[in-house]
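Numbering (numbering that gives the first Met the number 0), first residue to last: 0 to 111. Using N, Cα and C, we set each Cβ at its ideal position, and we do this for glycine too. Note that the structure is predicted; figures quoted are calculated from it, not measured. For reference, the structure discussed in these notes is given below.
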Amino acid sequence: MIRGGEMRARCRFERPVPQKSAAGNAYNGWVEACTVWGWLKPMSGREAVKEGRLEATSTGTLRVQAGPKTRPIDASHRVWIKGRVYVIRGLPIDTEQRGQEIDFVIEAGVAS
0 MIRGGEMRAR
10 CRFERPVPQK
20 SAAGNAYNGW
30 VEACTVWGWL
40 KPMSGREAVK
50 EGRLEATSTG
60 TLRVQAGPKT
70 RPIDASHRVW
80 IKGRVYVIRG
90 LPIDTEQRGQ
100 EIDFVIEAGV
110 AS
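Pasting the structure below:
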């Protein structure tokens, strides 16, 4: 269990909202779902050449307190941490099975 003082990363979760451009094309815009404190544990980083370009990605685990704001968050959302956008990979996990905290596997450097 993480203590409140250890949650130092400000996390802004956003959910997709279908929108249309002036030309009538559909695309996803983003609106804020909630902003909470979290604990970010970087796991790995890697670089790869894709289509002639160097792309860098990094993965990690984000832990936040479980509550009415964070329980609806799923893989359709994205999260901003320290000016960087991360996509959420998979379903939230209650690692300690106490219902107090939720873990997300997140990845930066990929399309959201």
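Backbone CA spacing between residue i and residue j [nearest angstrom]
i    : j   : result
G66  : A32 : 13 Å
P17  : T69 : 21 Å
S20  : Y26 : 7 Å
C10  : N24 : 30 Å
A74  : T56 : 17 Å
P15  : I72 : 11 Å
I80  : A22 : 33 Å
D102 : I92 : 5 Å
Q99  : V30 : 26 Å
T94  : G28 : 31 Å
Start-to-end residues for the beta strand (DSSP E) that takes in residue i
i    : result
I105 : 100-107
G66  : From DSSP, G66 is part of no beta strand (DSSP E); its letter is neither H nor E.
R97  : First-last for R97: undefined, no H or E at that position.
Exposure label - residue i; buried when at least 16 CB within 10 Å
i   : result
R77 : buried
R7  : exposed
E5  : exposed
Residue i (DSSP reduced to helix, strand or coil)
i   : result
G4  : helix
K40 : strand
N27 : strand
A74 : coil
Own chain, CB closer than 7 Å to residue i, minus 5 neighbours either side, in chain order
i   : result
Y85 : R77, V78, I105, E106, A107
Own chain residues within Cβ distance below 6 Å of residue i, not counting five before or after
i   : result
M42 : T58, G59
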